[in-house]
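Remarks on the structure that follows.
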Amino acid sequence: MKLSPSTILPALCWGASLASAASAAFYTYDPHSRSHPQSRTLSPVAARLVLAQRAGVEEYHSADLDREEVIDAINDFGVRTLLFEEETHKRSMFIYLEGVKETTESIPVLKDHASFTLDPVPESASSRELFMDIARQVGSGDWKLSKYEPNSGETEGKVFQNGNHEYHFYHAGSITELEQLFQSVDGMKSSSITVMIMPMNTSATPGSWGTYEMPNAESPLRKRQQKEVPLELEPIVKQAPSKSDATPFTASKSNKTGEPLRGILPACFSTLSACQKETRNCTGHGRCTLYHSDKSRNEKSSAKDCYSCQCKATVYTDKEGRISTTTWGGPACQKKDISIQFWLIALFSVGMMFLISFGIGTIWTMGDEELPSVIGAGVSGPVKRS
């Protein structure tokens, strides 16, 4: 049977629509971010680490932190803490949207957000369970995934408070509800936002997100007994810590930037997590990378690898379009390069010293010269007359 163009073109369009509908994407927004990284495709494991870092619970996912792809993904799409940032009330928003059939590239409320897609697309039930597990790691107690209802007036979702930082978790059922959520919640533009958009996918292989740990009342961290199996909407009940027994959340405490880094920082750190914790993720001016690895040491040696900060220049553009570049240095990228200002002050000081010395020398030379004879005759004594 010969296929005509009238039947081939609709089939291609239908296949393209299915491909776009089956895509999974993450959208991130930070109020102090000046530029967005280029959109690209990440593995589900790297996306999970980005989500955990933005929620401040990366200690439960430390087994995969040493991957190069994970390091680059966190540096590009993770939350950055700025040096000397004012310690004010902060809020992080996490939104889960599932079952979107149309493309998400044209959503107006997400046009200012950085984004990345996932390949392969994880299974729907495990994606919902991951989102709920992140909420359990941030807070305490069990949580059921309840959908946001725009007409009920309930816009708080699930809120966890840690000091002066609030973590809000929402579940939107459609793009319309997502847009209404952005309009109804106050202070969205001043919040750190993470939107997780997943298609209704039941054919994927379970376990694409990898494994991680969960809080437990008996021990601070507990290895998951089940590796991402298909789940219904109701999550499997896990034993959760009480408020008195739970391990206090320390990620935000180690990332406080209201006070400078104290002490002398080492040039190398044995692990990536130690580098990010001690340098506060290079104070937001760079990223922790593997500087070198001593292959002569034992594989289990803690001093085998050397992680250090790789500083990046910060480019600012003012309202008039003028561009200024700030270069950072130091073991935590916490020192601003002031070599230009130093040389300007040094050259100006040397020039002023030369001018003053030249002026004093000129006056001194003029004072050493003898007076002319005419002036000497004019000041002689009176002549005696006979």
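Per our numbering, residue 312 is the first one in the sequence shown, and the count goes up by one each step.
Glycine included, C-beta positions come from ideal geometry on N, C-alpha and C.
Computed from a predicted structure; not experimentally measured.
Under a 10 Å Cβ-count criterion, H372 is classified as buried, with 16 or more other Cβ atoms of the shown protein chains found around its own Cβ.
Cα atoms of Y338 and D383: separation of roughly 16 Å, rounded to the nearest angstrom.
Taking C-beta atoms as the reference points, G450 and Y407 fail to come closer than 9 Å. For the set D679, L666, K500, A585, the Cα lying nearest the Cα of R402 is the one of K500. With respect to T590, Q645 sits close: the two C-beta atoms are nearer than 9 Å.
Taking 9 Å as the cut-off, the Cβ atoms of K615 and S604 count as close. Within the region 429-455, no complete beta strand (DSSP E) segment of 3 residues or longer occurs. Where Q491 is concerned, the enclosing alpha helix (DSSP H) starts and stops at 486-495. Annotation: the continuous beta strand (DSSP E) that includes T637 extends over 634-637. Residue burial is scored here from C-beta neighbours: E680 has fewer than 16 other C-beta atoms within 10 angstroms and is therefore classed as exposed. As summarised for the region 568-605, the continuous alpha helix (DSSP H) elements at least 4 residues long and confined to that stretch are 583-589, given in chain order.
DSSP places Q472 within a strand segment (E or B) once states are collapsed to three. Taking the Cα positions, I504 is about 13 Å away from R391. The alpha carbon of G574 has as its nearest neighbour, out of M664, A643, D444, G678, the alpha carbon of A643. For the 9 Å CB-CB criterion, V420 and P510 do not form a contact. Annotation for D616: no alpha helix (DSSP H) segment contains it, though the beta strand (DSSP E) segment containing it runs 616-622.
Put simply, the backbone Cα of C622 is about 11 Å away from that of K647. In the structure shown, the three-state DSSP call for V381 is helix.
Distance from S438 to S350 at the Cβ level is roughly 20 Å; contact not present, criterion being Cβ atoms closer than 8 Å. DSSP, reduced to helix, strand and coil, places H482 within a strand of the structure shown. Close CB contacts of P342 within its chain, under the 8 Å cut and outside five residues either way in sequence, are with K500, S501, S502, S503 (chain order). By alpha-carbon distance to G641, the top candidate from E631, K630, A624, F653 is A624. Per the coordinates, the alpha-carbon of L583 lies some 18 Å from the alpha-carbon of E524. Note that the C-beta distance between F405 and A436 is not below 9 Å.
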